[in-house]
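> In my numbering, the protein residues as written are -8 to 238. Glycine included, every Cβ here is placed at the ideal spot set by N, Cα and C. Got a structure for you, written out below as structure tokens; questions coming shortly.
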């Protein structure tokens, strides 16, 4: 199933025993363009200073109709998990602590976005977790960024700046980001929402709040428009991605 960042921000998170708040943000890897964590908004039952993250490894279902994310843990398990500082980058050391707490295998050990696997849930296997801990000395750099931060960044083509990043579309099976949405309204009145592929991205610059794409101005403007209301139509999304690759 496909869902956008703006859509999932309205979803509630359900533990095995009760509702544990809603989705506050999404952290993605800007190297593999895969969602690594859901940041939980737990203000109703945790101190305001504590923010916790949920790996897709823990997610058992994303229900678009009910607008819920179900996770395979109790509220107390999440409550006692390591917390993050929203104003600081998530370090590899934090990720190791988090994955040891939950008993998961490390996604950064192996060639793919989820190590040796296509689906994050496979890393919940205890044998994989033990194997990962034996290889802890190999710590590739992480590349985590928040969708909430990158949303609004200006988009720089090879010629000029055109529009800004307004949304992200990802697959809730593999959690791969399929598309980024560029809104040209701030550059062109009555602008469009255009599909950009992760492979188009050259660089994301925090200091300048800028996303550089390997496209000309004309190339970007030729990209297909995105209808976010049709994301539940698999054929539509497949055609959208295919058309973006053709331009």
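Looking only at its chain, what residues have a beta carbon closer than 7 Å to the beta carbon of residue 201, apart from the 5 residues adjacent to it on each side?
144, 145, 147
> Which one of 209, 98, 55, 141 has the shortest CA to CA distance from residue 83?
98
> Does the Cβ-Cβ distance between residue 180 and residue 24 come in under 8 Å?
no
> Check this for me: beta carbons of residue 214 and residue 238, under 8 Å apart or not?
yes
> Hey, how far is the Cα of residue 168 from the Cα of residue 5?
23 Å
> DSSP three-state call for residue 90: helix, strand or coil?
helix
> Could you tell me the distance, in whole angstroms, from the CA atom of residue 57 to the CA atom of residue 222?
15 Å
> Report yes if the C-beta distance between residue 134 and residue 22 is below 8 Å; otherwise report no.
yes
> Using the rule of at least 16 other Cβ atoms within 10 Å of the residue's Cβ for burial, across every protein chain shown, is residue 226 buried or exposed?
Counting C-beta atoms within 10 angstroms of its own C-beta, residue 226 has fewer than 16 neighbours from the protein chains shown and is therefore classed as exposed.
> So residue 211 packs on residue 160, CB below 8 Å; how close in whole Å?
At roughly 17 Å, the Cβ-Cβ gap does not stay under 8 Å, so residue 211 and residue 160 are not in contact.
> Less than 8 Å separating the beta-carbons of residue 73 and residue 92?
Note that the C-beta distance between residue 73 and residue 92 is below 8 Å.
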